[in-house]
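Engineer:
Numbering (this note's numbering), first residue to last: 1 to 249.
(1) Which runs of the beta strand (DSSP E) fall wholly inside the stretch 49-133 and span at least 3 residues, in chain order?
(2) Residues in the same chain with beta-carbon distance under 8 angstroms from residue 210, minus the five sequence neighbours each way, listed in chain order, please.
(3) Note down the Cα distance separating residue 142 from residue 196, rounded to an integer number of angstroms.
(4) Does the stretch 121-128 come into contact with the stretch 211-229, if we say contact requires no fewer than three beta-carbon pairs (one atom in each stretch) closer than 8 angstroms?
(5) What's the call for residue 43, buried or exposed, on a 16-neighbour Cβ count within 10 Å?
(6) For residue 5, count the other beta carbons within 10 Å of its own beta carbon; 16 or more makes it buried, fewer makes it exposed. Which is it?
(7) Going by DSSP in three states, residue 23 sits in which element: helix, strand or coil?
(8) So for residue 31, helix, strand or coil by DSSP?
(9) Hey, residue 17 and residue 52: beta-carbon distance below 8 angstroms or not?
(10) Are at least three pairs of beta-carbons, each pair with one atom in the stretch 96-103 and one in the stretch 166-178, less than 8 angstroms apart?
(11) Would residue 99 pass as a contact of residue 40 if the rule is Cβ separation under 8 angstroms?
(12) Rounded to whole angstroms, how far is the Cβ of residue 191 from the Cβ of residue 50, which I believe are closer than 8 angstroms?
(13) Run through DSSP, which three-state label would residue 151 get?
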């Protein structure tokens, strides 16, 4: 219980730091990511805020399995988990830089940017219903088999197992993270929505219901972004104007 409380406290600290660092930086879909160092720092803090509550049961389970051998192992496990998400953030940053260099202004909001954002959400909705999503989510929801099947001893083993668990989580949630970029990666509102979806998918007992509901929500958001972005309250356009119901573009 103490470990779970500590993980939730770290997540709360992550939310506070993220809110402070990202204040006034939401530029809507495809917000500029800044320098690699700055982005990676804020990304890791964001992942701690978003992911630690939903992964806390897995870390607690691992802690129970190792409580008589290595007290620091659960923390190394959590560090390995965040390390995987840090690597995912570097990959996302590299994709953003490469795509921006190739297509440039063609992906601006008033050109193809809105279309790409909407399609990204639709693709994320489809991914929710794929077998790969189902397998990865199953490993996240029932981690005992995954832990025992890849058991490694010692602190280095804990780190490797955390990395492996993080890889399952990335496989489960990469489309939701792509949706966050499409809606505004520096927006606390969309960040909280995606974090809530991830937690519900991993923790609620109604697995199929939650995934289908998530797919439906992403599909609606994508279609609205394509056809009627004014219907998305809180969405900020890259020009800096917040879009709400009833306001003209």
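All C-beta atoms in this analysis are idealised placements derived from N, C-alpha and C, irrespective of residue type, glycine included.
Structural biologist: Answer, in terms of the structure:
(1) Here no run is fully enclosed.
(2) Counting only Cβ-Cβ distances below 8 angstroms, and skipping sequence neighbours, we find 200, 201, 204.
(3) Spanning the two alpha carbons is a distance of roughly 19 angstroms.
(4) Here the stretch 121-128 makes contact with the stretch 211-229; the two share three or more CB pairs at distances below 8 angstroms.
(5) With 16 or more other Cβ atoms from the protein chains shown falling within 10 Å of its own Cβ, residue 43 counts as buried.
(6) Exposed is the call here.
(7) If DSSP states are grouped into helix, strand and coil, residue 23 belongs with coil.
(8) Residue state, collapsed to three classes: coil.
(9) Using a Cβ distance threshold of 8 angstroms, residue 17 and residue 52 do not count as a contacting pair.
(10) The stretch 96-103 vs the stretch 166-178: no contact.
(11) Residue 99 is not a Cβ neighbour of residue 40, given a cutoff of 8 angstroms.
(12) With a Cβ gap of about 7 angstroms, residue 191 and residue 50 count as contacting.
(13) Coil at residue 151, not helix or strand.
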